[in-house]
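Colleague:
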Amino acid sequence: MAGEKQLQVRFFMSLALISICSVLVLSTVLFFWFREKTIDNVNKANESVLLNTETVFMKYMDMVQNYTMDFYHNPNIYTVMQSGDNSWSEQLYSALSQIRGTLTINNFIENAYILGSGAPVMMFENNPLSKAAKQELFERVRDSEIRQSPFVWNATLNNGQSETMMTTFYNDRAFSSSEYNGAIAMTINLRKLQENLFNSNEGDTRYAVLNADRIVLMQSNSSEEAFDSRLLQQIVSVQSKEGTLVWKTDGGDKKLITYHQSQNGGLWFISETSYKNSVRDIASARNLMVGLCLVLIAAASAIAAFVSYRMYKPIGTLFGTIRNLSDDRLAFPHGGGFDEANRELEKIGNRVKALKQENEDSALLRWLTSPYRADEHVPSALPPINQTRDNGTFCVAVLHIGLSSGDSSLPATRWREHIRGLPELTEQLFAGTGTCRGFFPHHEAAVLIVSETENGSFGDYVTFRERWEQLYGSIRQWDGAACTIGISRLSADSLQLKQMYDEASNSLQYIKLHEHLSLSFADDIIHLNSSSVPDSTLEFVLQAVRSQERELLPKAVERLLAVACSYKVEQATVALSRLASDLQKIAETGLAESLPRHTDFLDHYQRIWRMRSYTELRAWLEQLCAEAYGKLNEVNTVQTRNLASEAIVYIRSHFGDQTLSLNGLAEKLTISPPYLSRLITEATGSSFPDFVNLVRLEHARSLLIAELELDIREIAEKSGYNSSTYFTTLFKKRYGVTPSKWRLNYILQKEN
Numbered sequence: 007m008a009g010e011k012q013l014q015v016r017f018f019m020s021l022a023l024i025s026i027c028s029v030l031v032l033s034t035v036l037f038f039w040f041r042e043k044t045i046d047n048v049n050k051a052n053e054s055v056l057l058n059t060e061t062v063f064m065k066y067m068d069m070v071q072n073y074t075m076d077f078y079h080n081p082n083i084y085t086v087m088q089s090g091d092n093s094w095s096e097q098l099y100s101a102l103s104q105i106r107g108t109l110t111i112n113n114f115i116e117n118a119y120i121l122g123s124g125a126p127v128m129m130f131e132n133n134p135l136s137k138a139a140k141q142e143l144f145e146r147v148r149d150s151e152i153r154q155s156p157f158v159w160n161a162t163l164n165n166g167q168s169e170t171m172m173t174t175f176y177n178d179r180a181f182s183s184s185e186y187n188g189a190i191a192m193t194i195n196l197r198k199l200q201e202n203l204f205n206s207n208e209g210d211t212r213y214a215v216l217n218a219d220r221i222v223l224m225q226s227n228s229s230e231e232a233f234d235s236r237l238l239q240q241i242v243s244v245q246s247k248e249g250t251l252v253w254k255t256d257g258g259d260k261k262l263i264t265y266h267q268s269q270n271g272g273l274w275f276i277s278e279t280s281y282k283n284s285v286r287d288i289a290s291a292r293n294l295m296v297g298l299c300l301v302l303i304a305a306a307s308a309i310a311a312f313v314s315y316r317m318y319k320p321i322g323t324l325f326g327t328i329r330n331l332s333d334d335r336l337a338f339p340h341g342g343g344f345d346e347a348n349r350e351l352e353k354i355g356n357r358v359k360a361l362k363q364e365n366e367d368s369a370l371l372r373w374l375t376s377p378y379r380a381d382e383h384v385p386s387a388l389p390p391i392n393q394t395r396d397n398g399t400f401c402v403a404v405l406h407i408g409l410s411s412g413d414s415s416l417p418a419t420r421w422r423e424h425i426r427g428l429p430e431l432t433e434q435l436f437a438g439t440g441t442c443r444g445f446f447p448h449h450e451a452a453v454l455i456v457s458e459t460e461n462g463s464f465g466d467y468v469t470f471r472e473r474w475e476q477l478y479g480s481i482r483q484w485d486g487a488a489c490t491i492g493i494s495r496l497s498a499d500s501l502q503l504k505q506m507y508d509e510a511s512n513s514l515q516y517i518k519l520h521e522h523l524s525l526s527f528a529d530d531i532i533h534l535n536s537s538s539v540p541d542s543t544l545e546f547v548l549q550a551v552r553s554q555e556r557e558l559l560p561k562a563v564e565r566l567l568a569v570a571c572s573y574k575v576e577q578a579t580v581a582l583s584r585l586a587s588d589l590q591k592i593a594e595t596g597l598a599e600s601l602p603r604h605t606d607f608l609d610h611y612q613r614i615w616r617m618r619s620y621t622e623l624r625a626w627l628e629q630l631c632a633e634a635y636g637k638l639n640e641v642n643t644v645q646t647r648n649l650a651s652e653a654i655v656y657i658r659s660h661f662g663d664q665t666l667s668l669n670g671l672a673e674k675l676t677i678s679p680p681y682l683s684r685l686i687t688e689a690t691g692s693s694f695p696d697f698v699n700l701v702r703l704e705h706a707r708s709l710l711i712a713e714l715e716l717d718i719r720e721i722a723e724k725s726g727y728n729s730s731t732y733f734t735t736l737f738k739k740r741y742g743v744t745p746s747k748w749r750l751n752y753i754l755q756k757e758n
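Oh and the sequence shown: position 119 is 125 in our numbering, straight run, nothing missing.
Structure below.
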């Protein structure tokens, strides 16, 4: 009774623990999923604020930049820059009044400088810089291109203090080779700008603007502690332009950091939120999940108790049966646990496996080597001695009988009767000239020993073969039957019975190498080539795979098997196993070059040896070829895409080269021009000349807008055309208007 109770308790504990663990895992997954959703919502809100902050900041920068452009293009101010003459006039006074008004209206713009060709000419300063800082500003603007505006630098004030400033400027230097003719520069007070950029009340989240040197230019709630320098270093060193990370401070607090890099790549906009506050919305959900888990655990425990009680009775009966099988009433000394029962089942299973192995390995051998006996209980391999005279000859046949269509209307018992009746059917076909004994390893195989009833009763060898062909035809008349037969040579020495069985087995194996063979005689294959199949025979199949000629694969396999059937079975099987190993290696790695033999060679050998038909062997080899072909095709497709991408990148970076050609680019990529042309057409939908013109015209269109001082001839040259007329023709053909008309339309729209 104690053992029964213990078993029932174990059932209950197992089912209860499984149920409880399942509930806890489910609730944990739901909790973390909801937490991630909550953090994601907070992160999206911060991203929205950062994008809005970037938009506002860029508007301020654009506004200051427009001021510098307007002042630069003022003819009076431009005259001062060129001549250095700062004597007052009514027109100059009006222009300078605009500068003073700009500094007054926009309190975050502190200083404005008119820089001549050799030195600063005039300046308007609310927060004066030192003389050295002014000279540094002049030299930096003089040596900078217009696209480098704005820039951040550490300036020294007139009172000796150092302050980080942002400066915008405008000059004529579009390229490093352009001539410097003066400039307008304005400095921005970042402390004042951040008051316009950030709200005074940002809650528990603070925002900041960071440059590439990890300097915090502006931030909300500026009175709080500074940002961690390690955090700033990690943000500016990441590859992605935006993202989120959880940062643990030295004090142990966690912060949710959201960052976003501006489009020009020079500034970073970041936000910092308490991680604890980010997940505060899931507190109620957590309490609900805890209550739900307790309810589910109680229900799971009740169900486990009921199921364990109902399951004990049949399982207890099963354990009793195990006791009977083990023939040991003391087999469960610890009360009938699972471990004891499992050990007994393993012992019984090992015994059955050992008996089966012994039966399979020795039954056929015992049958083949049994002595001549009369009236024996188990028939011997050869007929009793009183049925043969004068030491007549005998042969061994190995038959494999299956279903050609995989199905048959014959019931299983009727099929077994057919198989068991093969000795009688054979004797009928031999018409009294031979006696037959049979051995049946399983329901699809048979081993037959046919002996002469008297010396020479088999007749001539032609008649002997015809009788086996008649047996094959009779078996094929069975409903749905498919048959292959291997037949040994004739012998009168009973001591060679095992050797003759091996001959018949090899003859049966040979059938799978021949497309139209179902009946094989050892005398026909004894003179086959016994040397190894050369690797060159296999190379034709491998070459068809490597060259990506899929339509040749079936023919290549057919040709290989046609050659293999001229070798002995063992040598042919070894060669086919080598080929299968190479094909599988290609299918796994995608490497088409010569490879070391695969470690699964023996597995392939055993698999081929177990195959029964030519159709099965050929289908398997073609499948291996198709898998290797598919892998190589996949690898080649990736390489083709890489070549196309490389060509497109080169065209986009060298479109200005007037000598750019299909032949030249193909030579750089070490491929043929027609192949390169096809790759570009497939990737872009345009031919090589059309794609080059598309890239050049897109660049020209941007120059027409960005470089208003350039004429059409210069734009054509910068876009890769040596003829402005040809350029104008192509531009109008694509965009419907001439380049000049395009530029004029842009200027009018901008003014409106």
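Here a beta-carbon is modelled for each residue, glycine too, at the ideal position from N, C-alpha and C.
Below 8 angstroms, can you find three or more Cβ-Cβ pairs linking the region 482 to 499 to the region 555 to 566?
Modeller: No, the region 482 to 499 is not in contact with the region 555 to 566.
Colleague: Checking 9 angstroms against the spacing of the C-beta atoms, do Glu131 and Lys198 come in under that value?
Modeller: Residue 131 sits at position 125 when you count from the first residue of the sequence shown. Residue 198 sits at position 192 when you count from the first residue of the sequence shown. Cβ atoms of Glu131 and Lys198: not closer than 9 angstroms.
Colleague: Quick one: what's got a C-beta closer than 6 angstroms to Asn164's C-beta in the same chain, skipping five residues either side?
Modeller: Position 158 of the sequence shown, counted from the start, is the residue given in the question as residue 164. Correct list, in chain order: Pro134, Ser136.
Colleague: Grouping DSSP H, G and I as helix and E and B as strand, with all else coil, what is Gly492?
Modeller: Position 486 of the sequence shown, counting from 1, holds the residue named residue 492. Strand.
Colleague: Thr459 and Val444 - do their beta-carbons sit closer together than 9 angstroms?
Modeller: Here residue 444 refers to the residue found at position 438 when the sequence shown is read from its first residue. Here residue 459 refers to the residue found at position 453 when the sequence shown is read from its first residue. Before going on, a small fix: residue 444 reads as Gly here, not Val. No, the pair does not count as a contact, with Cβ atoms beyond the cut-off.
Colleague: Per DSSP, Thr687 is paired with what?
Modeller: Position 681 of the sequence shown, counting from 1, holds the residue named residue 687. DSSP output for Thr687 lists no bridge partner at all.
Colleague: In whole angstroms, what is the alpha-carbon distance linking Gln88 and Leu714?
Modeller: Taking the first residue of the sequence shown as position 1, residue 88 is located at position 82. Taking the first residue of the sequence shown as position 1, residue 714 is located at position 708. If you take the alpha carbons of Gln88 and Leu714, they lie about 21 angstroms apart.
Colleague: My parser needs the alpha helix (DSSP H) runs of 4 or more residues fully inside the region 482 to 534; what are they?
Modeller: Qualifying alpha helix (DSSP H) stretches, in chain order: 503 to 516, 528 to 531.
Colleague: Excluding the five sequence neighbours on either side, which residues of its own chain have a C-beta within less than 6 angstroms of the C-beta of Arg395, listed in chain order?
Modeller: Residue numbering aside, residue 395 sits at position 389 when the sequence shown is read from its first letter. Legend: pLDDT at Arg395 = 48, less than 50; position of this residue unreliable, value from coordinates given subsequently. Taken in chain order, the residues that qualify are Glu460.
Colleague: Round the Cβ separation of Val569 and Arg624 to the nearest angstrom and send it over; I've been treating them as touching at under 8 angstroms.
Modeller: Start at 1 with the first residue of the sequence shown, and residue 569 comes out as number 563. Start at 1 with the first residue of the sequence shown, and residue 624 comes out as number 618. Going by Cβ atoms, the distance from Val569 to Arg624 rounds to 13 angstroms, so no, they are not a contact pair.
Colleague: Taking the alpha-carbon of Arg106 as reference, which of Leu36, Thr170, Met192, Thr44 has the nearest alpha-carbon?
Modeller: Locating residue 106 in the sequence shown gives position 100, where the first residue counts as 1. Cα-wise, what sits closest to Arg106 is Met192.
Colleague: Just to confirm, are Ser183 and Phe204 a CB contact at a threshold of 9 angstroms?
Modeller: The count along the sequence shown starts at 1 and reaches residue 183 at position 177. The count along the sequence shown starts at 1 and reaches residue 204 at position 198. The answer is no: Cβ separation not under 9 angstroms.
Colleague: In whole angstroms, what separates the C-alpha of Phe181 from that of Asn72?
Modeller: Taking the sequence shown and counting its residues from 1, the one referred to as residue 181 is at position 175. Taking the sequence shown and counting its residues from 1, the one referred to as residue 72 is at position 66. Spanning the two alpha carbons is a distance of roughly 20 angstroms.
Colleague: Would you check if there are 3 or more beta carbon pairs closer than 8 angstroms linking the region 616 to 630 to the region 654 to 670?
Modeller: No contact exists between the region 616 to 630 and the region 654 to 670.
Colleague: Decide if Ile721 is buried, meaning its Cβ has at least 16 other Cβ atoms within 10 Å, or exposed.
Modeller: By one-based count along the sequence shown, residue 721 stands at place 715. Buried, since its Cβ has 16 or more Cβ neighbours within 10 Å.
Colleague: Note the first and the last residue of the continuous alpha helix (DSSP H) segment covering Thr419.
Modeller: One-based indexing of the sequence shown puts residue 419 at position 413. Unbroken alpha helix (DSSP H) run through Thr419: 418 to 426.
Colleague: Which runs of the alpha helix (DSSP H) at least 4 residues long sit entirely within the region 56 to 123? Give them in chain order.
Modeller: Runs of the alpha helix (DSSP H) inside the region 56 to 123: 81 to 89, 96 to 111.
Colleague: Which word fits Ala308, buried or exposed, when buried means at least 16 other C-beta atoms lie within 10 angstroms of its C-beta?
Modeller: Start at 1 with the first residue of the sequence shown, and residue 308 comes out as number 302. Ala308 comes out exposed.
Colleague: Under 9 angstroms between the Cβ atoms of Pro745 and Leu700?
Modeller: As a first step, residue 745 must be located in the sequence shown, where it is residue number 739. As a first step, residue 700 must be located in the sequence shown, where it is residue number 694. Against a cut-off of 9 angstroms, the Cβ pair of Leu700 and Pro745 comes out as no contact.
Colleague: So the candidates are Leu262, Leu302, Lys65; which of them puts its Cα closest to the Cα of Asn202?
Modeller: Position 196 of the sequence shown holds residue 202. The shortest Cα separation from Asn202 among Leu262, Leu302, Lys65 belongs to Lys65.
Colleague: Straight-line CA distance for Thr469 to His406?
Modeller: The sequence position of residue 469 within the sequence shown is 463, counting from 1. The sequence position of residue 406 within the sequence shown is 400, counting from 1. When rounded, the distance between both Cα atoms is 23 angstroms.
Colleague: By Cβ distance, which residues of its chain are closer than 8 angstroms to Glu430, with the 5 residues on each side in sequence left out?
Modeller: Here residue 430 is taken as the residue at index 424 of the sequence shown, counted from 1. Once the five neighbours on either side are set aside, the close Cβ partners of Glu430 are Cys442.
Colleague: Going by DSSP in three states, Gln225 sits in which element: helix, strand or coil?
Modeller: Numbered from its first residue, the sequence shown carries residue 225 at position 219. Correct three-state label for Gln225: strand.
Colleague: For Thr264, write down the residues that DSSP places opposite it in a beta bridge.
Modeller: Position 258 of the sequence shown, counted from the start, is the residue given in the question as residue 264. In the DSSP output, where bridge partners are listed per residue, Thr264 has Thr250, Ser277.
Colleague: If you count every other CB in all the chains shown that lies within 10 Å of the CB of Val575, and 16 or more means buried, which is it?
Modeller: To locate residue 575, count along the sequence shown from 1; it is residue 569. Buried is the call here.
Colleague: Just to confirm, is the Cβ distance from Leu544 to Asp588 under 9 angstroms?
Modeller: If you number the sequence shown from 1, residue 544 lands on position 538. If you number the sequence shown from 1, residue 588 lands on position 582. Cβ distance < 9 angstroms, so Leu544 and Asp588 count as in contact.
Colleague: In whole angstroms, what is the alpha-carbon distance linking Tyr478 and Leu548?
Modeller: Counting from one through the sequence shown, the residue named residue 478 turns up at place 472. Counting from one through the sequence shown, the residue named residue 548 turns up at place 542. When rounded, the distance between both Cα atoms is 37 angstroms.
Colleague: Among Asn639, Val296, Gln245, Phe37, which one has its Cα closest to the Cα of Ala593?
Modeller: One-based indexing of the sequence shown puts residue 593 at position 587. Of Asn639, Val296, Gln245, Phe37, the residue nearest in Cα terms is Asn639.
Colleague: Going along the chain, which unbroken runs of the beta strand (DSSP E) with 3 or more residues stay wholly within the region 607 to 686?
Modeller: Here no run is fully enclosed.
Colleague: Determine the contact status of Ile481 and His449, defining contact as a CB-CB distance below 9 angstroms.
Modeller: Within the sequence shown, the letter at position 475 stands for residue 481. Within the sequence shown, the letter at position 443 stands for residue 449. Against a cut-off of 9 angstroms, the Cβ pair of His449 and Ile481 comes out as no contact.
Colleague: Rounded to whole angstroms, what's the CA-CA distance from Tyr378 to Phe400? Just pull it up for me.
Modeller: Along the sequence shown, read from residue 1 onward, the residue named residue 378 stands at position 372. Along the sequence shown, read from residue 1 onward, the residue named residue 400 stands at position 394. At Tyr378 the pLDDT is 47, less than 50, meaning the model places this residue with poor confidence and gives no usable figure here.
Colleague: Going by C-alpha to C-alpha distance, which of Asp609, Thr279, Met506 sits closest to Val453?
Modeller: For the purposes of this step, residue 453 is taken as the residue at position 447 of the sequence shown. The residue with the shortest Cα to Cα distance from Val453 is Met506.
Colleague: Determine, using beta carbons only, whether Gln239 and Arg212 come nearer to each other than 9 angstroms.
Modeller: Numbered from its first residue, the sequence shown carries residue 239 at position 233. Numbered from its first residue, the sequence shown carries residue 212 at position 206. Not closer than 9 angstroms, so no.
Colleague: Beta strand (DSSP E) containing Tyr213: first to last residue?
Modeller: By one-based count along the sequence shown, residue 213 stands at place 207. First-last of the beta strand (DSSP E) with Tyr213: 212 to 217.
Colleague: Is Thr439 helix, strand or coil when you go by DSSP?
Modeller: Counting from 1 along the sequence shown, the entry for residue 439 is found at position 433. Coil at Thr439, not helix or strand.
Colleague: Closest to Gln269 by CA distance: which of Phe77, Phe63, Ala51 is it?
Modeller: The count along the sequence shown starts at 1 and reaches residue 269 at position 263. Ranking Phe77, Phe63, Ala51 by Cα distance to Gln269 puts Phe63 first.
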